[in-house]
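The structure appears below as structure tokens.
Chains as they are written, first to last, in the working numbering: chain R, 26 to 200; chain C, 148 to 900.
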């Protein structure tokens with residue numbers, strides 16, 4: 026029973042593959058702010074990725090919660106450009122600004138974060154490396170593995186029943 | 148509370164799978180506890196219920212509250228999370244004595260047929276006994292806690308969601324083993340004397356103290372990640388580490404030492420150390436050989452009364468009719484931009500998604516509320532049809548043809564993107580239902596023509612509810628057969644389904660005419676095992692044996708392959724493929740390319756695959772029946788696989804476009820050109836949900852296939868050989884479904900902001 030529940034817990038837990046936060050990709054001063062950019066999953070791979078930004082005042086490191094944060098991803102090799110607004114509503118941790126974007130290909134991407142706060146515009150940018158997509162194998166493996174596991178359990182059950190034909194009739198009195 | 152603190156405290160995550168799992172556990176426990184509380188109120192008290200509920204709540208708080216949101220930024224938050232998973236949740240759960248309530252709370256068939264063989268497996272029970280030994284529990288917790296606090300592993304967990312979840316699972320389950328002998332969980336017998344639990348707890352505290360001391364007194368940051376993340380509220384990495392060490396030390400020690408003190412005090416009070424006082428082992432978890440009545444939706448308070456209300460169906464049909472008329476009016480005269488029109492949103496985004504979810508959760512609720520048959524029912528008060536539906540046409544082939552046409556037209560003419568076409572299709576539906584049923588008796592349109600009805604009939608075969616006789620013995624003494632013949636106040640079944648001999652939901656519109664007509668009130672909406680009518684193959688009233696119905700097999704296969712083709716048609720790669728061919732051939736219209744795609748994917752490829760499976764099944768299994776009969780028998784086993792795909796696809800539309808009605812209503816109210824379009828909602832658990840639907844569809848399909856093979860061929864290896872081609876086909880379809888889930892989708896019926 027506990028094994029059964031454990032399997033379910035583990036499988037369902039896979040759904041949390043893309044929470045905000047994750048690995049710190051860059052951390053730079055921009056005007057009066059300290060901007061930290063997190064990405065998830067780690068390592069960053071083509072497919073859906075979470076980009077989260079923590080904006081802090083350099084003076085006292087208090088989080089800034091009323092800015093407008095934009096994300097721009099540019100891949101020079103294929104002239105692909107992705108723009109997104111990062112918002113606190115999309116973030117799990119409400120001190121962060123998060124955006125979920127889909128990176129179509131692997132390689133080097135230029136990531137720029139623009140912030141607008143009280144008419145003050147700041148920007149930081151840097152390069153990030155994106156590996157080949159591993160979404161299916163990485164984040165959703167539990168769901169793909171569920172059918173084989175259940176089939177194995179079913180085969181085992183059939184084997185148990187065939188091994189002991191009286192089992193079916195006596196199943197209820199065993200505990 | 149300032150803005151930052153408010154933001155921090157609002158950082159809860161809607162972790163839907165976790166929430167669903169905890170709710171399922173809570174409901175199962177509560178059901179079992181409720182039954183046991185009635186039998187043994189002194190043993191299964193409200194305190195046990197409360198303890199279990201608190202344990203589940205603790206897990207939720209640990210994994211979905213701001214504690215989890217800040218675990219990556221603050222070591223102390225992470226430490227609190229681990230303490231909750233190790234020292235709070237497990238003992239609370241065990242204090243609820245959950246084993247028996249959870250088993251009693253499970254559906255009887257699941258406990259008896261699925262889990263039963265495992266419970267009586269001697270070797271497994273020996274393993275179970277071994278792992279709940281106190282030595283194993285103590286060692287597993289000590290090893291797990293020390294191991295996961297090694298910097299290398301801790302860092303691994305901080306950088307990978309998968310490893311982090313494994314870390315949590317290790318903490319939680321090793322703690323469950325640790326706390327088992329301390330609490331004395333039924334059905335264990337104490338292995339060690341009760342006094343041994345005192346050193347057991349004290350020694351565990353020593354390990355905890357050692358680790359805490361390392362964290363408190365270290366002069367450098369042990370986990371480098373916490374040095375690289377931004378610091379909040381001016382807390383430095385080293386002071387964060389010292390605080391987390393103190394949290395581990397003080398509350399951790401209390402969690403270990405408090406139970407030890409309780410044990411000592413109890414021993415002092417009683418004068419000696421007793422073994423754990425456990426309830427005598429019950430002989431049976433479930434009462435044996437007690438025929439339980441099937442759960443009946445009509446017996447549920449309020450809902451049952453509403454459903455039995457004589458004018459209930461008419462009321463919901465009238466509501467649906469009004470909605471259909473609104474869709475037609477807006478489709479014909481409103482904006483022809485689909486996301487701004489009821490005809491572009493209601494049928495394609497909402498209705499389809501809700502209909503399949505209703506099929507999954509209950510049954511054929513769409514036909515119950517069908518608006519198309521309401522006008523003809525009204526007309527029949529004045530005109531009585533004279534003819535019977537032609538005998539030769541009493542098959543599903545007309546519906547098969549119409550479904551193929553629908554699938555093709557949907558993509559070729561972009562029905563989803565054309566409110567006017569949608570409106571005309573709905574009007575055509577009304578006209579067809581009215582014309583056919585004005586001439587022919589009964590519900591000929593529903594039974595033999597309506598493609599939407601066939602979709603619901605076939606998929607309702609895997610629904611959990613069925614309109615069915617409550618007590619077969621009562622029907623044995625019936626001489627009036629009101630359920631099919633009707634009486635002076637209520638018509639009988641228009642689809643010729645005689646209740647005592649009815650099997651499954653095929654051709655049942657859930658109209659509840661039989662429920663109203665039965666003078667004994669012996670017809671209910673009973674709970675059944677999903678899909679059981681697909682493998683039992685008993686001769687059913689009005690439908691005969693499914694294995695002798697090539698038309699039903701063709702219909703089932705069309706819906707199965709249609710599910711995948713329909714979903715694939717909106718994926719980026721397939722659309723690009725069609726556009727490439729369109730450009731290469733220099734055609735003026737996409738229709739020929741779409742037609743070729745549909746002929747290939749809906750007719751030729753499925754035909755070849757199914758014929759090959761039928762032949763292989765016959766050849767490998769050396770079955771005594773021919774390929775055609777094998778195909779008819781196994782075709783229905785694929786229905787759950789297709790249903791899984793329909794669920795994945797249509798729930799995707801429903802969830803991502805749940806708010807697509809807002810701009811339609813806004814445009815109707817204000818008639819403004821600039822409408823605010825809410826962004827499509829794409830929660831990160833959506834692919835998981837879609838994969839779960841595909842998984843469940845595949846597993847149910849394989850199970851039904853297995854039962855069909857066992858029925859057709861006697862003998863282990865031959866049974867497997869007969870089944871194998873269909874297993875391969877199911878897996879191929881499932882793989883196609885998984886591929887579709889991860890493709891970029893065209894957001895139909897929505898305007899992306």
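Positions of the beta carbon are idealized from the N, C-alpha and C atoms, including for glycine.
A quick note: this is a predicted structure, and the numbers were derived from the prediction, not measured.
Query, Result
"Are the CB atoms of residue 689 of chain C and residue 642 of chain C nearer to each other than 9 Å?", "yes"
"Is DSSP giving residue 483 of chain C helix, strand or coil here?", "coil"
"Quick one: which unbroken alpha helix (DSSP H) runs of 4-plus residues sit fully inside the region 752-776 of chain C? Chain order, please.", "752-768"
"Given a cut-off of 9 Å on the beta-carbon distance, is the pair residue 752 of chain C and residue 555 of chain C in contact?", "no"
"For a cutoff of 9 Å on Cβ pairs, would you count residue 53 of chain R as touching chain C?", "no"
"What first and last residue would you give for the beta strand (DSSP E) that runs through residue 628 of chain C?", "Unbroken run through residue 628 of chain C: none, as it is neither H nor E."
"Spell out whether any CB of chain R is found under 9 Å from the CB atom of residue 306 of chain C.", "yes"
"Mind pulling the alpha helix (DSSP H) runs of 4 or more residues that sit fully within the region 504-570 of chain C?", "512-515, 520-526, 544-559"
"Out of R:48, R:51, R:49, R:56, which has the shortest C-alpha to C-alpha gap to residue 145 of chain R?", "R:56"
"Mind pulling the chain R residues with CB within less than 7 Å of residue 268 of chain C?", "185"
"Thinking just about the alpha-carbon of each residue, which of C:711, C:329, C:791 is nearest to the one in residue 340 of chain C?", "C:329"
"Report yes if the CB atom of residue 127 of chain R is closer than 9 Å to the CB atom of residue 58 of chain R, and no otherwise.", "no"
"By the 10 Å Cβ neighbour count, where 16 or more other Cβ atoms means buried, how is residue 238 of chain C classified, buried or exposed?", "buried"
"Candidates C:847, C:183, C:774: which alpha carbon is nearest residue 173 of chain R's?", "C:847"
"Name the residues in the region 352-381 of chain C whose C-beta lies less than 9 Å from a C-beta of chain R; which are they?", "372, 375, 376, 377, 378, 379, 380, 381"
"In the DSSP assignment, what are the bridge partners of residue 141 of chain R?", "R:93, R:146"
"Alpha carbon to alpha carbon, how far is residue 786 of chain C from residue 605 of chain C? Give it in angstroms, no decimals.", "8 Å"
"Determine, using beta-carbon pairs with one atom in the region 672-680 of chain C and one in the region 442-449 of chain C, whether at least three such pairs fall under 8 Å.", "yes"
"Can you tell me whether residue 657 of chain C is helix, strand or coil according to DSSP?", "coil"
"Can you give the beta carbon distance from residue 709 of chain C to residue 749 of chain C, rounded, assuming they're within the 8 Å contact cut?", "6 Å"
"Is the region 563-579 of chain C in contact with the region 629-637 of chain C, if contact means three or more CB pairs nearer than 8 Å?", "no"
"Report buried or exposed for residue 735 of chain C, applying the criterion of at least 16 other Cβ atoms within 10 angstroms of its Cβ.", "exposed"
"Counting along the chain, where does the beta strand (DSSP E) carrying residue 59 of chain R start and finish?", "58-65"
"Residue 713 of chain C lies in the alpha helix (DSSP H); which residues open and close that run?", "697-715"
"Any beta carbon from chain C within less than 9 Å of residue 157 of chain R's own beta carbon?", "no"
"Let me check understanding here. Comparing Cα to Cα, which of C:229, C:377, C:352 lies closest to residue 88 of chain R?", "C:377"
"Would you mind reading off the limits of the beta strand (DSSP E) that contains residue 106 of chain R?", "105-111"
"Which bits of chain C does residue 117 of chain R rub up against, with CB to CB less than 7 Å?", "158, 160, 216"
"Assuming residue 228 of chain C contacts residue 214 of chain C (C-beta within less than 8 Å), just tell me the rounded distance between them.", "5 Å"
"Given that residue 839 of chain C touches chain R, what residues does it touch there, using C-beta distances under 7 Å?", "168"
"Can the beta-carbon of residue 200 of chain C be found less than 9 Å from the beta-carbon of residue 224 of chain C?", "no"
"Please state if the CB of residue 281 of chain C and the CB of residue 344 of chain C are separated by a distance shorter than 9 Å.", "yes"
"Is the shortest distance between the beta-carbon of residue 425 of chain C and the beta-carbons of chain R less than 9 Å?", "Here the model assigns residue 425 of chain C a pLDDT of 44, short of 50, so the residue's position is not dependable and the matter cannot be decided."
"Considering only the alpha carbon of each residue, which of R:137, R:95, R:143 lies closest to residue 122 of chain R?", "R:95"
"What are the residues in the region 548-566 of chain C lying within 8 Å of chain R by C-beta distance?", "none"
"What are the uninterrupted segments assigned as beta strand (DSSP E) that are 3 or more residues long and contained completely in the region 318-359 of chain C, given in chain order?", "none"
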